[in-house]
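**Q** Attaching a single structure in structure tokens format; questions to follow.
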Amino acid sequence: MKKVLVSALVALAGLNFAASAADAPKADLVNRKQLRVCSDPADLPFSNEKREGFENKIADIIGDDLKVPVVYTWFPKATGFIRMTLFAKKCDLVIGWGQGDDMVLNTNSIYRSTSVLIYKKGAGFDGVETLGDPKLQGKKAGVVQGSAGGTLAAKYGLMSQVKGYRMMTDRRFDNPAADMMKDILSGEIDFGVNWGPIAAYWAKQTSPDLVVVPLLKEAAKNKIAFRITMGVRNGDDAWKRQLNEIIARRRGDIDKVLLDYGVPVMVEDDLSVDLIKEPRQAAAATGGAPMAPAAAAR
């Protein structure tokens, strides 16, 4: 009986220790002397090694608020990106990650955007606002493989003539978005569907003859509008809260960067399909409901 009692006490002590360890705050691995960011070296309009992307500019805003220098670890945003960067402790922050992806701990949204339609002026698509418009039937579409826009094109029966463009690729050697714009201009495809921030940037870089139409009416009834956040390691809750405070405090500065890059930024209200026209004012740092996985974003 005594042996049984001792064993029970030992087991109980073990359970109490395990519970205490689980409840204890996790070690803060965030470097407080630098803002360590992991990013893609060749992924405009988001980022590049010359720090010309809008995510680079947002990182500068965060660094300015923290009064620390921004330093980068560069790695292609393809398969293994989070594992080889954030998980490997090479950085403390990834800017531009789809809300709802549990690989990372998401901050509040830095912007909400949607898929867009791209076509060449004079192609006969003036006034088209949804992929269900009869003008698009029988035309050759360009879609990003595995994207929400591609799924929507399939829903409307636009896949009989289609050219696919890769979503996950090393953009140091391959630029599917720029290729899509060139194919629209050449007539290889009649129109394209792509993620708004990407399409707006590359259309502007390619030709003034390209028209970009945010699919706002589709966003109201189909899952093609997504919130984009910053990602930190799971367990870095204090760091997440600090970033949320900065996002709220510097909302206007972040919006200005996004609008300068032509990003079609939607208002945060899920029931609204309006675009913001000017930077918003600072808001309270509150949590947000998950909306979409990271795969939907790129």
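FYI, in the working numbering the residues of the sequence shown are 998 to 1295.
Where a beta carbon is used, it is the ideal one built from N, C-alpha and C, also for glycine.
Between the alpha carbons of Ile1059 and Gly1121, how many angstroms are there, rounded?
**A** Roughly 44 Å between the two C-alpha positions.
**Q** Spatial neighbours of Lys1087 within its chain, please: CB distance less than 7 Å, with the 5 preceding and 5 following residues excluded, ordered by chain position.
**A** The answer, listed in chain order, is Cys1035, Thr1070.
**Q** Per DSSP, Ser1036 forms a beta bridge with which residues?
**A** According to DSSP, which records beta bridges pairwise, Ser1036 is partnered with Trp1071.
**Q** Can you name the residues that DSSP bridges to Arg1109?
**A** Its beta-bridge partners are Arg1224.
**Q** By how many angstroms is the C-alpha of Asp1267 removed from the C-alpha of Gly1161?
**A** In a straight line, the C-alpha of Gly1161 is about 30 Å away from that of Asp1267.
**Q** In or out: Val1209 buried (at least 16 other Cβ within 10 Å) or exposed?
**A** When all chains shown are included, Val1209 counts as buried.
**Q** Using CA coordinates, which residue listed in Glu1275, Leu1240, Ala1245 is at the minimum distance from Asp1257?
**A** Answer by Cα proximity: Glu1275.
**Q** Taking the alpha-carbon positions, what's the Ser1157 to Gly1249 distance?
**A** Ser1157 and Gly1249: Cα-Cα distance of roughly 44 Å.
**Q** Per DSSP, Ile1115 is paired with what?
**A** Answer is Gly1189, Val1209, bridged to Ile1115.
**Q** Take Asn1045 as the anchor and find which of Pro1073, Ile1186, Val1229, Glu1126 has the nearest alpha-carbon.
**A** Out of Pro1073, Ile1186, Val1229, Glu1126, Pro1073 has the C-alpha closest to the C-alpha of Asn1045.
**Q** Please confirm if the stretch 1182 to 1192 is in contact with the stretch 1130 to 1143, defined as three or more CB-CB distances below 8 Å between the two stretches.
**A** Touching, per the Cβ criterion.
**Q** Quick check on DSSP: helix, strand or coil for Lys1237?
**A** Note: Lys1237 maps to helix in three-state DSSP.
**Q** Taking the alpha carbon of Asn1231 as the point to measure from, which residue in Leu1128, Ser1110, Phe1084 has its own alpha carbon closest?
**A** For the residues Leu1128, Ser1110, Phe1084, the minimum Cα distance to Asn1231 belongs to Phe1084.
**Q** Would you kindly work out how many angstroms separate the C-alpha atoms of Ala1008 and Gln1031, rounded to a whole number?
**A** Bear in mind that a pLDDT of 43 at Ala1008, under 50, signals an unreliable position, so the number given afterwards is only what the model happens to contain. C-alpha separation (whole angstroms): 44 Å.
**Q** In its own chain, which residues sit with a C-beta less than 6 Å from the C-beta of Asp1020, not counting the 5 before and 5 after it?
**A** Legend: pLDDT at Asp1020 = 41, less than 50; position of this residue unreliable, no value from coordinates given.
**Q** Compare the beta carbon distance of Glu1215 and Thr1111 with 9 Å and say whether it is the shorter of the two.
**A** Yes, the pair counts as a contact, with Cβ atoms nearer than the cut-off.
**Q** Leaving aside the five residues before and after Val1027 along the sequence, list all residues of the same chain whose C-beta is less than 7 Å from its C-beta, in chain order.
**A** So the qualifying residues of the chain are Asp1089, Asp1233, Trp1236.
**Q** Which partner residues of Tyr1162 appear in the DSSP bridge assignment?
**A** DSSP lists Val1141 as partners of Tyr1162.
**Q** As a quick exercise: from Lys1047, Pro1066, Arg1029, Ala1056, pick the residue whose alpha carbon is nearest that of Val1254.
**A** The shortest C-alpha separation from Val1254 is found at Ala1056.
**Q** Determine the burial state of Ala1018: buried for a count of at least 16 other Cβ atoms within 10 Å of its Cβ, exposed for fewer.
**A** Per-residue confidence for Ala1018 stands at a pLDDT of 38, beneath the threshold of 50, marking its modelled position as unreliable; the derived number appears in the next sentence. Exposed, because fewer than 16 other Cβ atoms sit within 10 Å of the Cβ of Ala1018.
**Q** Which residues in the same chain have their Cβ closer than 7 Å to the Cβ of Val1067, if we skip the five residues on either side of it in sequence?
**A** Only Leu1032, Val1034, Ala1056, Asp1057, Gly1060 meet the Cβ criterion.
**Q** If you follow the beta strand (DSSP E) that Val1027 is part of, which residue opens it and which one closes it?
**A** First-last for Val1027: undefined, no H or E at that position.
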